[in-house]
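Protein chains in written order, with this note's numbering: chain L, 1 to 356; chain H, 1 to 356.
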């Protein structure tokens, strides 16, 4: 499959689907850090070693099957690399150092592999909704198949060796993207996330800088990678997710009882503005997208679904816009194009819903 | 025709049509004040005289033909009387003193007659767009037919006698409702309307109190009724209208050249909010309706037309809302119902446009 096809479509396998508890959990992700034995970590490796890693990785991806393709990042334009970041297929760090870097992915983009990021290999599986155990199983199966071809750096007492000691052991990071609009609205999100942090989980805004949660989207992930099995990590994080889901749902229930008209008005206006605006900044678009995701969760917007809003999160972003335009755009032109693409996307979704 | 039918439909003959220069001129109106000879003016008449006027008026309306009906206001609820005001069929003053009052109207509501307002009779013809000469011709024909049955109070040197001396002579008030959103936006409307006032025309906001022009709708009317023929009054006012139209069009042209995206955004958002909101105050609704009327004028909203927005002006108002609800509503409930009726009206208009 041509990389172009991946870059052109704003959806991924995970983002088109709907998983359990999709009213709060957008996606679940498991990432495994792996390094090839006897080659130095990317930050210290020689150009020859970097090339060797690329060669070995490409060969190993070959055995993952016809469903996989391997793409070097060096030939890509900066906006195209950004699109890969916007689709959660590579990290911003990898996009910034494309020379000896590559990404491999399955056709549906649910599984992917970064090469020469902080570690030689970073395997990732993303699933829609609250689906950590399945993401782990798939990542584990993928890992087994790669390990049949590659010799990993592994120590019996330390587990998988990683560039950063925080990844030692399982090399695993499990995370979920959660949408907490009403906890944010009610001001309760701070206390909840503080509690989650205290028991050993990291929480950050999914988009934007620092802890600012653009679009009310947060990522919750495990911190510990050592001294626990992968299954334990996944089970614990899943429990935490259960509590986060409950807290958000209770807040929604309360808000709906207290101000049903204001809630419906907020959702209806957000949809109307996204459908009608001719200028949209990222900040406004993300705020409105959050409102309509909430509307879907509350059954207020039958004409669209989670897949529609998931795609909007990519469509709105500067890399994707630059790709559609064929060039980097100044902010004012981005706002015009963003509004147009959002409008057209919603029109198509409505037409599809009308035809159902 | 039952009065109920008039009260239930938010449209009138004039508001469903499109006349010349409809991009700026919403409607043209000619009103004639007439009194019956040898009966005192309403402010001074006895109950018997009031009844006599009603009886004479009802008989005279009978000869206007099958297309006409005569309705006494006394049995109507206050909200229903307000609907007649909102549809421009009677004045607020008549609605406040319904005891000996009546209204007659043609089925399409383009012609109507108030009985026992400030004068015994007030004939009115409303036409869509810039159409003063036709409104005058129809009012004149209606007047001739009534005069065949009634003896008017008339003095050769003073013309028609009226309760207020400002109406003496022709007893005619010609007016036009004009939509000046961009002159308001650019702050130029003040100077223009001052100039119009200086040459002898009255300008006021069409809705709301005093000179505040809710929805950017203004009424321009003649002040002089004496010493000029009806044709002269109409021709002069029509000239003034031509200048007002030109000024507004030039401002629109300029704005469109300077900020096409912002203009399109403003119109698109207004439409989106009217389509999506679940709570709408009158003030916001009138502001948004002004924006979409401008959008229609600029060809930006092919899914709706002037008839759609004309009906919204009635749908949004408290009398009509109370009629739909079957009772007077508190403000919060009005905002919910207003939003629902506006939304449904636009949906129907879109569906009709889709079917064209």
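Every residue gets a Cβ at the ideal spot worked out from N, C-alpha and C, and that includes glycine.
For residue 260 of chain H, which of helix, strand or coil comes out of DSSP? Numbered from 1 along the second chain, position 260 holds the residue referred to as residue 260 of chain H. In the structure shown, residue 260 of chain H sits in a helix (DSSP, three-state: H, G or I).
Flag residue 336 of chain H as yes if its beta-carbon sits less than 9 Å from any beta-carbon of chain L, otherwise no. Position 336 of the second chain, counting from 1, holds the residue named residue 336 of chain H. It does: the Cβ of residue 336 of chain H has a partner Cβ on chain L nearer than 9 Å.
On a Cα-Cα basis, can you pick out the residue from L/1, L/152, L/83 and L/20 that is closest to residue 327 of chain L? Counting from one through the first chain, the residue named residue 327 of chain L turns up at place 327. Checking every option, the nearest Cα to that of residue 327 of chain L belongs to L/83.
Endpoints, the alpha helix (DSSP H) within which residue 85 of chain L is located: On the first chain, residue 85 of chain L is found 85 positions in, with the first residue counted as 1. Run containing residue 85 of chain L: 78–86, per the alpha helix (DSSP H) assignment.
Have a look at the DSSP bridge pairing and note the partners of residue 121 of chain H. Within the second chain, the letter at position 121 stands for residue 121 of chain H. Per DSSP, H/34 and H/115.
Among the residues of its own chain, which have a CB less than 6 Å from the CB of residue 154 of chain H, if the five just before and after it don't count? Residue 154 of chain H sits at position 154 when you count from the first residue of the second chain. Same-chain partners within the cutoff: 160.
Using a beta-carbon distance below 9 Å, is residue 267 of chain H in contact with chain L? Here residue 267 of chain H refers to the residue found at position 267 when the second chain is read from its first residue. Answer yes: the Cβ-Cβ gap between residue 267 of chain H and chain L drops below 9 Å somewhere.
Proximity test, Cβ basis, 9 Å: residue 361 of chain L and chain H: In the structure as shown, chain L starts at 1 and stops at 356, and residue 361 of chain L therefore has no counterpart that could be examined.
Would you list the one or two residues that DSSP bridges to residue 71 of chain H? Here residue 71 of chain H refers to the residue found at position 71 when the second chain is read from its first residue. Paired residues: H/103.
Alpha carbon to alpha carbon, what distance is there between residue 334 of chain L and residue 77 of chain L? Translated into positions along the first chain, residue 77 of chain L becomes position 77. Translated into positions along the first chain, residue 334 of chain L becomes position 334. If you take the alpha carbons of residue 77 of chain L and residue 334 of chain L, they lie about 18 Å apart.
Contacts that residue 199 of chain L makes with chain H (C-beta to C-beta distance below 7 Å): Stepping through the first chain from its first residue, residue 199 of chain L is reached at position 199. Residues of chain H passing the Cβ test: none, with the nearest at roughly 39 Å.
Minimum Cβ-Cβ distance from residue 331 of chain H to chain L less than 9 Å: Taking the first residue of the second chain as position 1, residue 331 of chain H is located at position 331. Residue 331 of chain H does not count as touching chain L.
Would you check if the segment 178–191 of chain H and the segment 42–52 of chain H touch, i.e. whether three or more CB-CB distances between them fall below 8 Å? no
Chain H residues whose Cβ lies nearer than 8 Å to that of residue 277 of chain L: What you label residue 277 of chain L is simply residue 277 of the first chain in a count that begins at 1. Ordered by position in chain H, the residues that pass the 8 Å Cβ test against residue 277 of chain L are 265, 268, 269 and 272.
Secondary structure at residue 27 of chain H, three-state DSSP: helix, strand or coil? Position 27 of the second chain, counted from the first residue, corresponds to residue 27 of chain H. Looking at residue 27 of chain H - three-state DSSP - the assignment turns out to be strand.
Bridge-paired residues (DSSP) for residue 251 of chain H: For the purposes of this step, residue 251 of chain H is identified with residue 251 of the second chain, where counting begins at 1. Residue 251 of chain H is not bridged to any residue.
Just the C-alpha distance for residue 361 of chain L and residue 29 of chain L, rounded to the nearest angstrom, thanks. Since the displayed chain L opens at 1 and closes at 356, residue 361 of chain L lies outside it and no answer follows.
With a Cβ-Cβ cutoff of 9 Å, do residue 111 of chain H and residue 138 of chain H count as a contact? If you number the second chain from 1, residue 111 of chain H lands on position 111. If you number the second chain from 1, residue 138 of chain H lands on position 138. Closer than 9 Å, so yes.
Contact under 9 Å by Cβ, residue 340 of chain L with residue 287 of chain L: For the purposes of this step, residue 340 of chain L is taken as residue 340 along the first chain, with counting starting at 1. For the purposes of this step, residue 287 of chain L is taken as residue 287 along the first chain, with counting starting at 1. No, these two residues do not count as a Cβ contact at 9 Å.
Opposite residue 160 of chain H in the DSSP bridges: which residues? Numbered from 1 along the second chain, position 160 holds the residue referred to as residue 160 of chain H. BP columns for residue 160 of chain H point to H/154 and H/169.
Is the segment 256–272 of chain H in contact with the segment 258–276 of chain L, if contact means three or more CB pairs nearer than 8 Å? yes
Taking 9 Å as the threshold (C-beta atoms), are residue 157 of chain L and residue 106 of chain L in contact? Translated into the one-based positions of the first chain, residue 106 of chain L becomes position 106. Translated into the one-based positions of the first chain, residue 157 of chain L becomes position 157. No, Cβ-Cβ distance for residue 106 of chain L and residue 157 of chain L is not below 9 Å.
How many Å lie between residue 92 of chain H and residue 221 of chain H at the Cα? Here residue 92 of chain H corresponds to residue number 92 of the second chain, with the count starting at 1. Here residue 221 of chain H corresponds to residue number 221 of the second chain, with the count starting at 1. If I take the Cα positions, the gap works out to 18 Å.
Enumerate, from N- to C-terminal direction, the unbroken beta strand (DSSP E) stretches of 3 or more residues contained entirely within the segment 171–247 of chain H. 172–179, 201–205 and 217–222
Residue 336 of chain L versus residue 349 of chain L - alpha carbon distance: For the purposes of this step, residue 336 of chain L is taken as the residue at position 336 of the first chain. For the purposes of this step, residue 349 of chain L is taken as the residue at position 349 of the first chain. Taking the straight line from one Cα to the other gives about 20 Å.
Could you spell out where the alpha helix (DSSP H) holding residue 17 of chain L opens and where it closes? Against the first chain, residue 17 of chain L aligns to sequence position 17. Note, residue 17 of chain L: premise wrong, no alpha helix (DSSP H); not H, not E.
Length at least 3, wholly inside the segment 281–311 of chain H: the beta strand (DSSP E) runs in chain order: none
Range covered by the alpha helix (DSSP H) that runs through residue 141 of chain L: Against the first chain, residue 141 of chain L aligns to sequence position 141. Start and end: 132–147.
Please identify the residue among L/325, L/214, L/330 and L/240 whose C-alpha is closest to the C-alpha of residue 198 of chain L. Position 198 of the first chain, counting from 1, holds the residue named residue 198 of chain L. Of the candidates L/325, L/214, L/330 and L/240, the one whose C-alpha sits nearest the C-alpha of residue 198 of chain L is L/240.
Closer than 9 Å, CB to CB, is residue 339 of chain H near chain L or not? Start at 1 with the first residue of the second chain, and residue 339 of chain H comes out as number 339. Yes, residue 339 of chain H lies at the interface with chain L (some Cβ there is under 9 Å from its Cβ).
Taking Cβ positions, are residue 6 of chain H and residue 109 of chain H nearer each other than 9 Å? As a first step, residue 6 of chain H must be located in the second chain, where it is residue number 6. As a first step, residue 109 of chain H must be located in the second chain, where it is residue number 109. Yes, the pair counts as a contact, with Cβ atoms nearer than the cut-off.
Who pairs with residue 58 of chain L in a beta bridge, going by DSSP? Within the first chain, residue 58 of chain L is the residue found at index 58, counting from 1. According to DSSP, which records beta bridges pairwise, residue 58 of chain L is partnered with nothing at all.
Cβ contact (3+ pairs, closer than 8 Å) linking the segment 306–320 of chain L and the segment 7–23 of chain H: no
Rounded to a whole number of angstroms, what is the C-alpha to C-alpha distance between residue 38 of chain H and residue 150 of chain H? As a working note, residue 38 of chain H is residue 38 in the second chain. As a working note, residue 150 of chain H is residue 150 in the second chain. In a straight line, the C-alpha of residue 38 of chain H is about 11 Å away from that of residue 150 of chain H.
Assuming contact is defined by CB atoms lying nearer than 9 Å, are residue 306 of chain H and residue 26 of chain H in contact in what I supplied? Here the question's residue 306 of chain H lines up with position 306 in the second chain. Here the question's residue 26 of chain H lines up with position 26 in the second chain. In contact: residue 306 of chain H and residue 26 of chain H (Cβ atoms closer than 9 Å).
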